[in-house]
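Trainee: The structure's right below; bear with me while I get my questions together.
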Amino acid sequence: MSPPTERFKKLSLESMPPVTRLQSQRQQAEDSSSESEAEPDFDIDDDGYMTSPSDLKYSLDLLDEETRENVTRAIEVPSQFVLRGCQAGDQRCLFLITEPVEYTVRTGSEQSGYGVPSCTCGETPCRHILWLFDQITSEVLGIQRGPYNLSQHGYPTELGNPYDAISDFHLDMLADSLHCDVVGQSPDPNPRRVRETREILASLNEVPIDEYRPDLFDNPRKGKKVIKRGDLEQTIFRMLLCNDDFFQYFLSSMRADELNKNRFRCLQHRADAALAGLGQYAADPSLQDVARPKNVAWCAMHLSMVTRQIHSVIHNTDRPLETWELRAAVRTAIHVLEQVVNHNRDVGPEDLPKEDRNLYYRLIGNQDQNFAVDVLSSIPPQTLGPWIDDLTALHERISEYGAPASYTTRLSSLITHLRSRWAAAGSKRTGQGSDRRAKRMK
170 MSPPTERFKK LSLESMPPVT RLQSQRQQAE DSSSESEAEP DFDIDDDGYM
220 TSPSDLKYSL DLLDEETREN VTRAIEVPSQ FVLRGCQAGD QRCLFLITEP
270 VEYTVRTGSE QSGYGVPSCT CGETPCRHIL WLFDQITSEV LGIQRGPYNL
320 SQHGYPTELG NPYDAISDFH LDMLADSLHC DVVGQSPDPN PRRVRETREI
370 LASLNEVPID EYRPDLFDNP RKGKKVIKRG DLEQTIFRML LCNDDFFQYF
420 LSSMRADELN KNRFRCLQHR ADAALAGLGQ YAADPSLQDV ARPKNVAWCA
470 MHLSMVTRQI HSVIHNTDRP LETWELRAAV RTAIHVLEQV VNHNRDVGPE
520 DLPKEDRNLY YRLIGNQDQN FAVDVLSSIP PQTLGPWIDD LTALHERISE
570 YGAPASYTTR LSSLITHLRS RWAAAGSKRT GQGSDRRAKR MK
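Residue numbers for the sequence shown follow the working numbering, beginning at 170 and rising by one.
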């Protein structure tokens, strides 16, 4: 099978030949025996809501009878999808999905002619659109207490225009969150793919990430040949970098508590990517003039989104979170808070208002948005306790830099509450590093 870059070269933004229904049926017939034994990844629950692979719920109340039947029919067949890549065009985005037959989903601005998402399978709404926009909604909006309202086009109305939502998020950020590549970028290994590959292999070997095979990851190379005789780990490393299906197979087979599938760690990676984008914007003045710059406002949007999604997962997940999940939530929330405090400096054009030049001022210093503190206040004291010293240091810096009194008071009250509840005064911070996941996160 040719790499996705080659296949995208053959695609036309103006006209893409659809896979015929007969071809699709033939492929489905070949896989019918395995599909008949699999549980659908979409389902309709007893309340009439559609539940999705991303654990989101969708209300079908806005759909007419014909569209509702199309959706019901589309989700009857369990999906076996791999998102192989995405590409930006003129006011539109393309996503290449394989099942293993390949389909292309297009979405764009109203002016592009693709304001309504379409798929080369010819159905509408089809299971490819339902699956893709469920994945996108999970990243852009996250879990919420009530169901999303599914539109007749196969995406939730809360997403707004899908192209605008993707563009505001930035396609490269979305691609990283969806574990796929943006086609046409550097031929070197994708840093996100390298990081996730290292997390997978280190997790399987129960070795701290930064200690696992530095000879492979300090200067990663795909290699001209996949097979490295005498080195099985390097062979698997190259296969994970080069083969999307093999990578997705590994990813889907990992336990939920492994680092690469830890939703809070994924959110931390997204926060770091947003901060890296802001750093590039600050270092290169030419990036200040692009249509959607990765400026302070954009970075603040992503960091707020990260903390909002952490809070939503804690409060809206159907089951109680396990202790390791709560610890992961704490690590991510404190990491994001610390990074914002570290960014108390101006970037960008000097004529912009301060809230558009200073990330700290926008999220903490100007108005009390309860940034990150609402997340930390949701964590049981016995789980949050080991981070008292970190929170105390952050509180001191925030008080020094300046913030609304209500914000600093709330953070101070949280620290005081933790000290009073933390069982053994002066106890060692064993909770932060005792579990093997924490050890492997070094």
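Glycine is no exception: its CB is placed at the ideal position from the N, C-alpha and C atoms.
How long is the line joining the alpha carbons of residue 213 and residue 258, rounded to whole angstroms?
Mentor: For the purposes of this step, residue 213 is taken as the residue at position 44 of the sequence shown. For the purposes of this step, residue 258 is taken as the residue at position 89 of the sequence shown. Those two C-alpha atoms are separated by around 35 Å.
Trainee: Taking 9 Å as the cut-off, decide whether the C-beta atoms of residue 459 and residue 531 are in contact.
Mentor: Stepping through the sequence shown from its first residue, residue 459 is reached at position 290. Stepping through the sequence shown from its first residue, residue 531 is reached at position 362. Result no, Cβ atoms of residue 459 and residue 531 do not sit closer than 9 Å.
Trainee: What alpha helix (DSSP H) runs, 4 residues minimum, are completely inside the segment 335-422?
Mentor: 340-346, 360-374, 383-386, 401-411, 413-422
Trainee: Taking DSSP as the reference, what is the three-state secondary structure of residue 321?
Mentor: Numbered from its first residue, the sequence shown carries residue 321 at position 152. Of the three classes helix, strand and coil, the one that applies to residue 321 here is coil, per DSSP.
Trainee: Can you have a look at residue 463 and say buried or exposed, based on whether 16 or more other CB atoms are within 10 angstroms of its CB?
Mentor: Translated into the one-based positions of the sequence shown, residue 463 becomes position 294. Counting Cβ neighbours within 10 Å, residue 463 comes out buried, since at least 16 surround it.
Trainee: Let me check one thing: in DSSP terms, what residues is residue 272 bridge-paired to?
Mentor: Taking the sequence shown and counting its residues from 1, one reaches residue 272 at position 103. In the DSSP output, where bridge partners are listed per residue, residue 272 has 266.
Trainee: Are the CB atoms of residue 310 and residue 325 nearer to each other than 9 Å?
Mentor: Looking up residue 310 in the sequence shown gives position 141. Looking up residue 325 in the sequence shown gives position 156. Yes; because the gap between Cβ atoms is below 9 Å, this pair is in contact.
Trainee: Report, in whole angstroms, the separation of the C-beta atoms of residue 534 and residue 591, which I expect to be a contact under 8 Å.
Mentor: Residue mapping note: residue 534 aligns to position 365 of the sequence shown, counting from 1. Residue mapping note: residue 591 aligns to position 422 of the sequence shown, counting from 1. Incorrect: roughly 29 Å between the Cβ atoms, too far for contact.
Trainee: Since residue 448 is in the alpha helix (DSSP H), which residue starts that stretch and which ends it?
Mentor: Position 279 of the sequence shown, counted from the start, is the residue given in the question as residue 448. Segment 432-452, the alpha helix (DSSP H) holding residue 448.
Trainee: Mind checking whether residue 261 and residue 342 have CB atoms under 9 Å apart?
Mentor: Locating residue 261 in the sequence shown gives position 92, counting from the first residue. Locating residue 342 in the sequence shown gives position 173, counting from the first residue. In this structure, residue 342 does not lie closer than 9 Å to residue 261 by Cβ.
Trainee: Assuming residue 476 contacts residue 410 (C-beta within less than 8 Å), just tell me the rounded distance between them.
Mentor: The residue you call residue 476 lines up with position 307 of the sequence shown. The residue you call residue 410 lines up with position 241 of the sequence shown. Actually they are not in contact, since the Cβ atoms of residue 476 and residue 410 sit about 32 Å apart, beyond 8 Å.
Trainee: Is there contact here, the segment 248-256 with the segment 413-426, by at least three beta-carbon pairs under 8 Å?
Mentor: Yes, the segment 248-256 touches the segment 413-426.
Trainee: Look up residue 312 in the DSSP assignment and say whether it is helix, strand or coil.
Mentor: As a position in the sequence shown, residue 312 is number 143, starting the count at 1. Reduced to three states, the DSSP call for residue 312 is coil.
Trainee: If you pair each beta-carbon of the segment 336-354 with each one of the segment 387-403, do three or more pairs fall below 8 Å?
Mentor: no
Trainee: For residue 583, tell me which candidate among 289, 548, 571 has the shortest Cα-Cα distance.
Mentor: Within the sequence shown, the letter at position 414 stands for residue 583. Residue 583 has its Cα closest to that of 548, out of 289, 548, 571.
Trainee: Please determine if the segment 269-280 and the segment 348-360 are in contact, where contact requires at least 3 C-beta pairs separated by less than 8 Å.
Mentor: no
Trainee: Distance, Cα to Cα, residue 514 vs residue 467?
Mentor: As a first step, residue 514 must be located in the sequence shown, where it is residue number 345. As a first step, residue 467 must be located in the sequence shown, where it is residue number 298. If I take the Cα positions, the gap works out to 16 Å.
Trainee: Taking 9 Å as the cut-off, decide whether the C-beta atoms of residue 211 and residue 296 are in contact.
Mentor: Sequence index remark: in the sequence shown, residue 211 carries index 42 (1-based). Sequence index remark: in the sequence shown, residue 296 carries index 127 (1-based). Cβ distance < 9 Å, so residue 211 and residue 296 count as in contact.
Trainee: Applying the 10 Å Cβ sphere with the 16-neighbour rule, what's the burial state of residue 432?
Mentor: Locating residue 432 in the sequence shown gives position 263, counting from the first residue. Flag for residue 432 reads buried.
Trainee: From what residue to what residue does the alpha helix (DSSP H) around residue 570 run?
Mentor: To locate residue 570, count along the sequence shown from 1; it is residue 401. Residues 557-570.
Trainee: Taking 9 Å as the cut-off, decide whether the C-beta atoms of residue 510 and residue 563 are in contact.
Mentor: As a working note, residue 510 is residue 341 in the sequence shown. As a working note, residue 563 is residue 394 in the sequence shown. Yes. Within cutoff.
Trainee: Just curious, the alpha helix (DSSP H) that residue 256 is in, first and last residue?
Mentor: Within the sequence shown, numbered from 1, the residue matching residue 256 stands at position 87. Per DSSP, residue 256 belongs to no alpha helix (DSSP H); it is in the beta strand (DSSP E), 251-257.
Trainee: Count the other C-beta atoms from every protein chain shown that fall within 10 angstroms of the C-beta of residue 471, then say buried if there are 16 or more, exposed otherwise.
Mentor: Along the sequence shown, one-based indexing puts residue 471 at 302. So residue 471 ends up on the buried side.
Trainee: Taking the alpha helix (DSSP H) that residue 227 falls in, what are its first and last residues?
Mentor: On the sequence shown, residue 227 is found 58 positions in, with the first residue counted as 1. From DSSP, residue 227 is part of no alpha helix (DSSP H) but of the beta strand (DSSP E) over 226-228.
Trainee: Who are residue 220's beta bridge partners in DSSP?
Mentor: Within the sequence shown, residue 220 is the residue found at index 51, counting from 1. DSSP, once it has assigned bridges, lists 212, 226 as partnering residue 220.
Trainee: On the DSSP bridge list, what partners appear for residue 261?
Mentor: By 1-based counting over the sequence shown, the position of residue 261 is 92. For residue 261, which the question treats as bridged, DSSP gives the partners 277.
Trainee: Among the candidates 303, 313, 217, whose CA atom is the shortest distance from the CA of residue 612?
Mentor: Outside the shown range of the chain, which is 170 to 611, sits residue 612, and nothing can be said about it.
Trainee: Going along the chain, which residues of its own chain have a beta-carbon closer than 6 Å to the beta-carbon of residue 523, five neighbours each way excluded?
Mentor: One-based indexing of the sequence shown puts residue 523 at position 354. If we look at residue 523 and ignore the five residues flanking it on each side, its Cβ neighbours are 530.
Trainee: Alpha carbon to alpha carbon, how far is residue 558 from residue 566? Give it in angstroms, no decimals.
Mentor: Here residue 566 corresponds to residue number 397 of the sequence shown, with the count starting at 1. Here residue 558 corresponds to residue number 389 of the sequence shown, with the count starting at 1. Those two C-alpha atoms are separated by around 13 Å.
Trainee: Can you give me the C-alpha to C-alpha distance between residue 483 and residue 551, rounded to a whole angstrom?
Mentor: In the sequence shown, the residue the question calls residue 483 occupies position 314. In the sequence shown, the residue the question calls residue 551 occupies position 382. Cα to Cα, the separation comes out at about 16 Å.
Trainee: Could you work out which residue in 373, 421, 237 is closest to residue 402 when comparing CA atoms only?
Mentor: Locating residue 402 in the sequence shown gives position 233, counting from the first residue. Comparing Cα positions, the closest option is 373.
Trainee: Between the alpha carbons of residue 226 and residue 398, how many angstroms are there, rounded?
Mentor: Residue numbering aside, residue 226 sits at position 57 when the sequence shown is read from its first letter. Residue numbering aside, residue 398 sits at position 229 when the sequence shown is read from its first letter. Distance from the CA of residue 226 to the CA of residue 398, rounded to the nearest whole angstrom, comes to 48 Å.
Trainee: Tell me, to the nearest whole angstrom, how far the beta carbon of residue 461 is from that of residue 336; I am working on the premise that it is less than 8 Å.
Mentor: In the sequence shown, the residue the question calls residue 461 occupies position 292. In the sequence shown, the residue the question calls residue 336 occupies position 167. Rounded, the Cβ-Cβ distance is 6 Å, consistent with contact.
Trainee: Which residue comes first and which comes last in the alpha helix (DSSP H) that contains residue 493?
Mentor: Sequence index remark: in the sequence shown, residue 493 carries index 324 (1-based). Run containing residue 493: 492-511, per the alpha helix (DSSP H) assignment.
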